[in-house]
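Residue numbering for the sequence shown follows full-length UniProt numbering, starting at 1 and increasing by one per position. Some notes on the structure that comes next.
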Amino acid sequence: MALELNDIYEKLRKLKDNLFKLSLERRTPERLKEKLNEATIIINNDYSVLLVSIRKQIDNKTISGESLSLVKSRCDKIVELNAQIQEFCSKLHLPVTRSSCEQFGETSNLESKMEFNLKIALSLLPVMNNEELTTRQLIDGIEYYSSTLKTEQCKLSLINFVLKSRLSQQAKLSLKSDYPSIDALLSDMRMILYLKECDCLAK
């Protein structure tokens, strides 16, 4: 975990250093926008995914004490680096987009809620393959990831993602095509798992 955070930190540090070293002639809006996009990609593709994993480990108490302090310290430094990049660009009158600044600030804290993120969903939620363990992992993943989402609309996006891409053909036939809430979806998924266990016991 610490190694992955260090890797993200180093990517942002190098980006910031290269940005600050740009000559006045090269500090064009296009070049600055390119650097901002690079920072956003690092945050969305690397840091946000890792942050969910960190939160899960904290909740499960698999990380604590000195290790947790080290992780939090590195997260704080990543947040600080991002802020420096944003401030540098804003001083040069380059508009800073919400996705690259405010949204990062909202999701960078270990306790804060976040928007639905497709890459995080793909990494957390396995595709059902009619095996009990995979179904349990999917249910647990949905339950956990939904607890990190900030709005009901985000949770509806998660429901839509699960129904369209995480279910086996058999599960699609057993479940509804739409659900009003995560609880309703999980209730039906647990029922499918329960019935499958009963079928196995009967054989």
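We treat Cβ as the ideally placed atom computed from N, Cα and C, and that holds for glycine.
In this structure R26 is exposed. Its beta-carbon is surrounded by fewer than 16 other beta-carbon atoms within 10 angstroms.
Y179 and L186 have their C-alpha atoms spaced approximately 10 Å apart.
Per DSSP, D46 is not a residue of any alpha helix (DSSP H), being assigned neither H nor E. Secondary structure at M191: helix, using DSSP grouped into helix, strand and coil. The three-state secondary structure of L22, taken from DSSP, is coil. For V127, there is no enclosing alpha helix (DSSP H), as DSSP marks it with neither H nor E. E152 and K21 have their alpha carbons spaced roughly 43 Å apart.
Our two residues, I41 and N117, have alpha carbons roughly 13 Å apart in a direct line. Taking one beta carbon from each stretch, the segment 73–82 and the segment 10–19 have 3 or more pairs nearer than 8 Å; the two touch. Beta-bridge pairing by DSSP links M1 to no other residue. Setting aside the 5 residues that flank it on each side, I159 is surrounded in the same chain by Y179, L185, each with a C-beta closer than 6 Å to its C-beta; the list follows chain order.
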